[in-house]
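The sequence shown lines up with residues 18 to 219 when you count with this note's numbering. A quick write-up on the structure given underneath.
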Amino acid sequence: MKQILMIEISPRGQDSASRAVAEALGTRLGALYPSAKLVRRDLTREHLPHLDERTLRAISTADPPEAKRPKEAAHLSDHLTDELLASDLLVIATPMWNFGIPSALKAWIDLVVRPGRTFQYAENGVLGLAKGTRAILIISSGGVFTDGPWRPWDYVEPYLRQVLGFIGITDVQAVRVEGMNIPALSSGAVSKAKETLEDLAL
Ligand SMILES: Cc1cc2nc3c(=O)[nH]c(=O)nc-3n(C[C@H](O)[C@H](O)[C@H](O)COP(=O)(O)O)c2cc1C
Numbered sequence: 018m019k020q021i022l023m024i025e026i027s028p029r030g031q032d033s034a035s036r037a038v039a040e041a042l043g044t045r046l047g048a049l050y051p052s053a054k055l056v057r058r059d060l061t062r063e064h065l066p067h068l069d070e071r072t073l074r075a076i077s078t079a080d081p082p083e084a085k086r087p088k089e090a091a092h093l094s095d096h097l098t099d100e101l102l103a104s105d106l107l108v109i110a111t112p113m114w115n116f117g118i119p120s121a122l123k124a125w126i127d128l129v130v131r132p133g134r135t136f137q138y139a140e141n142g143v144l145g146l147a148k149g150t151r152a153i154l155i156i157s158s159g160g161v162f163t164d165g166p167w168r169p170w171d172y173v174e175p176y177l178r179q180v181l182g183f184i185g186i187t188d189v190q191a192v193r194v195e196g197m198n199i200p201a202l203s204s205g206a207v208s209k210a211k212e213t214l215e216d217l218a219l
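See the structure below:
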């Protein structure tokens with residue numbers, strides 16, 4: 018393992034359930050892979066931009082022609098994409114917000130899911146190019162979504178698995194921190210999730 022990329026999104030600092038579990042995972046990974054580089058991207062500190070016209074043109078593979086692309090506008094996307102492709106393991110620690118991912122995480126995804134870099138169109142569909150990377154998702158939520166009536170409302174884990182699979186990251190494990198807004202579950206949710214770290218194939 019050469020590089021681990023950890024993306025954290027919650028703005029709740031010390032109170033964040035997803036960050037607490039990510040911290041415990043980081044400690045385990047550090048002990049297992051002492052020589053691996055841990056790259057942490059805190060998306061509450063870095064405000065990644067939404068894609069604008071110049072960036073879209075710069076990262077396009079179709080239009081405009083190569084010579085006319087404003088390449089400097091691709092700099093951030095290039096950097097984040099290189100960082101992802103250089104990582105053997107991607108850890109995404111995210112809250113569920115309004116049944117989906119926070120927009121800060123979507124901004125990162127929009128910058129790294131790139132034609133010609135992390136996927137390409139092939140004869141029989143799409144080819145993911147980030148095949149050397151695997152992923153662990155840490156997802157915290159106020160309710161319970163892995164079982165019961167709210168299951169269809171989970172647009173976090175299925176979406177992340179789908180979009181990561183699209184770029185070739187198909188080895189994806191998930192740790193859920195559930196019931197943070199349910200008094201009977203909230204006090205034990207983080208420690209329960211930390212226990213499930215034992216079951217991960219690291
Ligand atoms: C803006 C916002 C939207 C939220 N939306 C949902 C939601 O749709 N479903 C849910 O179960 N919990 C929701 N929650 C609760 C969070 O998912 C829960 O507090 C979780 O622990 C947050 O992760 P964190 O502790 O890492 O910040 C929401 C919280 C906030 C602040």
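Ideal Cβ placement from N, Cα and C applies to all residues, glycine included.
Query                                                                                                          : Result
For Thr213, the three-state DSSP class (helix, strand or coil)                                                 : helix
Buried/exposed call for Glu212, threshold 16 Cβ in 10 Å                                                        : exposed
Under 8 Å between C-beta atoms of Leu93 and Val56                                                              : no
Inter-stretch contact (C-beta, 8 Å, three-pair minimum) for the segment 46-53 and the segment 82-97            : no
Ile199 classed as buried or exposed, judged by whether at least 16 other C-beta atoms fall within 10 angstroms : exposed
For review: beta carbons within less than 6 Å of any heavy atom in ligand 1                                    : Ser27, Arg29, Ser33, Ala34, Ser35, Arg36, Pro112, Met113, Trp114, Asn115, Phe116, Ser157, Ser158, Gly159, Gly160, Met197, Asn198
CB contact check: Leu214 to chain D, cutoff 8 Å                                                                : Structure shown: chain D not included; a single protein chain is present.
Simplified DSSP state of Trp167, which is helix, strand or coil                                                : coil
Under 8 Å between C-beta atoms of Leu214 and Arg29                                                             : no
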